[in-house]
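Enquirer:
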Amino acid sequence: MSGTLYLVATPIGNLGDISVRAEQTLATVDFIAAEDTRVTLKLLGHLGLKKPLVSYYEHNRRESGEKILSRILAGEHCALVTDAGTPAISDPGEDLVCLCAASGVKVIAIPGPCAAIAALSLSGLIKGRFTFEGFLSTARKRRFEHLSELKNEKRAMVFYEAPHKLLRTLHDMLEVFGNRRISISRELTKIYEETLRFTFAEAIVHFNERSPKGEFVLVIEGAMDNPEDAFGIDDAVSIAEQYIAGKMSVKDAAKKASEETGIAKNAIYNQLIASQRTR
Ligand code: SAM
Numbered sequence: 232m233s234g235t236l237y238l239v240a241t242p243i244g245n246l247g248d249i250s251v252r253a254e255q256t257l258a259t260v261d262f263i264a265a266e267d268t269r270v271t272l273k274l275l276g277h278l279g280l281k282k283p284l285v286s287y288y289e290h291n292r293r294e295s296g297e298k299i300l301s302r303i304l305a306g307e308h309c310a311l312v313t314d315a316g317t318p319a320i321s322d323p324g325e326d327l328v329c330l331c332a333a334s335g336v337k338v339i340a341i342p343g344p345c346a347a348i349a350a351l352s353l354s355g356l357i358k359g360r361f362t363f364e365g366f367l368s369t370a371r372k373r374r375f376e377h378l379s380e381l382k383n384e385k386r387a388m389v390f391y392e393a394p395h396k397l398l399r400t401l402h403d404m405l406e407v408f409g410n411r412r413i414s415i416s417r418e419l420t421k422i423y424e425e426t427l428r429f430t431f432a433e434a435i436v437h438f439n440e441r442s443p444k445g446e447f448v449l450v451i452e453g454a455m456d457n458p459e460d461a462f463g464i465d466d467a468v469s470i471a472e473q474y475i476a477g478k479m480s481v482k483d484a485a486k487k488a489s490e491e492t493g494i495a496k497n498a499i500y501n502q503l504i505a506s507q508r509t510r
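Listed below in C-alpha cells is the structure:
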C-alpha cells in the first residue's frame with residue numbers, strides 16, 4: 232500500500248507558530264522533502280527532531296519529484312515543507328501535489344502559517360472576496376500583461392514581492408490601476424513586522440524615503456464600480472500644471488491638486504519637479 236504526502240505548513244518567521252500537528256507529522260513521517268535543507272535543519276533542530284531529508288526545489292523538481300513519488304508508492308510517508316509558510320502557495324510544492332494526486336497517492340494538508348492569508352486578514356481591504364496573484368514576472372511585457380488583466384478586477388488582489396522590486400511594482404501598479412488603496416505587510420510575525428495602509432502614490436513617497444527591507448505582501452483594493460471616476464497620478468499632475476500655468480507655486484498647486492484628487496501631495500509635487508527637470 233502506498234504512503235501519504237503531507238503538506239506541512241511551517242512558520243513564516245516566528246517559530247512559535249509551528250502547530251502541534253505539524254510537529255507530530257514531521258516526527259512520524261519516514262522522510263521530509265525540503266525546499267532548502269539548511270532552513271529545514273534549523274527548524275528540526277528547534278523541535279529536537281532528526282529525520283532524513285531530500286531536497287525538492289524549483290530546479291530539481293522533475294527528477295526529485297519522481298524519486299519522492301516512487302518512495303511514497305513503495306509505502307513511505309513523506310512531509311513536504313518549504314522555507315516558510317504553506318507548501319504549494321507560490322513555490323514548487325504544487326507540482327509534487329499534482330504528481331502524487333495523479334498517481335492516486337493520498338495528499339493531506341497540515342495547515343498553518345501563510346503570508347498571503349496573514350496579510351489579507353490585516354488589510355481591511357477584502358470586502359469578502361479576494362484573488363491570489365503570487366509574484367509578478369520580472370519581464371516587463373509579462374508584468375504589464377498580468378496587471379492589465381486585473382485592471383477591472385473588483386476583488387482585492389494579493390501579491391508577493393521582493394524588497395528590491397517593490398518600488399518598481401508600486402510604480403507599475405499606479406500606472407495600470409490608477410491610485411488605489413494598498414495594504415503593505417512586511418516581515419510578518421518577525422521583530423520588525425509592520426502593516427502600512429496607503430494609496431499607491433503615498434507608498435511610493437514612503438519607500439523613496441526609506442528603502443524597502445524584508446519580505447513583503449501587497450494587498451490591493453479591487454476596482455471601483457465606476458473606475459472612470461477615480462483619479463490617477465497623471466490626472467493630478469495635469470490639474471496641478473493648470474494651476475501652475477495660472478501662476479500658482481508648485482507647492483500650492485500640488486496641495487490643491489491633492490485636495491481635489493485624493494492623491495498624496497508629495498507624489499504630485501515630486502512628479503512636477505521631476506518633469507520640470509527634464510524640460
Ligand atoms: N508558501 C509561502 C506562504 O505560504 O506564504 C510563500 C512562499 S513565496 C516563495 C515567499 C514570499 O512570501 C516572499 O517573497 C514574501 O513575499 C512572502 N512572505 C514570506 N514570509 C513573509 C513574511 N514573514 N512577511 C511578509 N511576507 C512574507
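Here the sequence shown stands for residues 232 to 510, numbered as in our numbering.
Even glycine gets a Cβ: it sits at the ideal position worked out from N, Cα and C.
On a predicted model such as this, the values are computed, not experimentally measured, just so you know.
With a threshold of 16 other CB atoms inside 10 Å of the CB of G247, please say whether the residue is buried or exposed.
Expert: Locating residue 247 in the sequence shown gives position 16, counting from the first residue. Exposed, since its Cβ has fewer than 16 Cβ neighbours within 10 Å.
Enquirer: Among the candidates M404, D456, E433, whose CA atom is the shortest distance from the CA of E380?
Expert: Translated into the one-based positions of the sequence shown, residue 380 becomes position 149. Considering only alpha carbons, the answer is M404.
Enquirer: Can you tell me where the beta strand (DSSP E) with G365 in it begins and where it stops?
Expert: Reading the sequence shown from its first residue, position 134 is the one you call residue 365. G365 -> beta strand (DSSP E) spans 361-366.
Enquirer: Shorter than 6 Å, the distance from the beta carbon of V448 to the closest heavy atom of the ligand SAM, or not?
Expert: The count along the sequence shown starts at 1 and reaches residue 448 at position 217. Result yes, Cβ under 6 Å from the ligand SAM.
Enquirer: Roughly how many whole angstroms lie between the Cα atoms of G493 and S442?
Expert: On the sequence shown, residue 493 is found 262 positions in, with the first residue counted as 1. On the sequence shown, residue 442 is found 211 positions in, with the first residue counted as 1. Cα to Cα, the separation comes out at about 24 Å.
Enquirer: Three-state secondary structure (DSSP) at I435?
Expert: If you number the sequence shown from 1, residue 435 lands on position 204. The answer is helix: DSSP assigns I435 an H, G or I state.
Enquirer: By Cβ distance below 6 Å, which residues in the same chain neighbour V421 in space, the five residues on each side in sequence not counted?
Expert: Locating residue 421 in the sequence shown gives position 190, counting from the first residue. The question names Val, but residue 421 is Lys in the sequence shown. Cβ neighbours of K421 beyond the five flanking positions: G244.
Enquirer: Tell me the DSSP secondary structure of G316 in three-state form.
Expert: Against the sequence shown, residue 316 aligns to sequence position 85. Correct three-state label for G316: strand.
Enquirer: Shortest alpha-carbon distance to V270 belongs to which of I303, A315, A498?
Expert: Sequence index remark: in the sequence shown, residue 270 carries index 39 (1-based). Measuring from the Cα of V270, the nearest candidate turns out to be A315.
Enquirer: What beta strand (DSSP E) runs, 3 residues minimum, are completely inside the segment 376-433?
Expert: Fully enclosed beta strand (DSSP E) runs of 3 or longer: 387-392, 412-417, 425-430.
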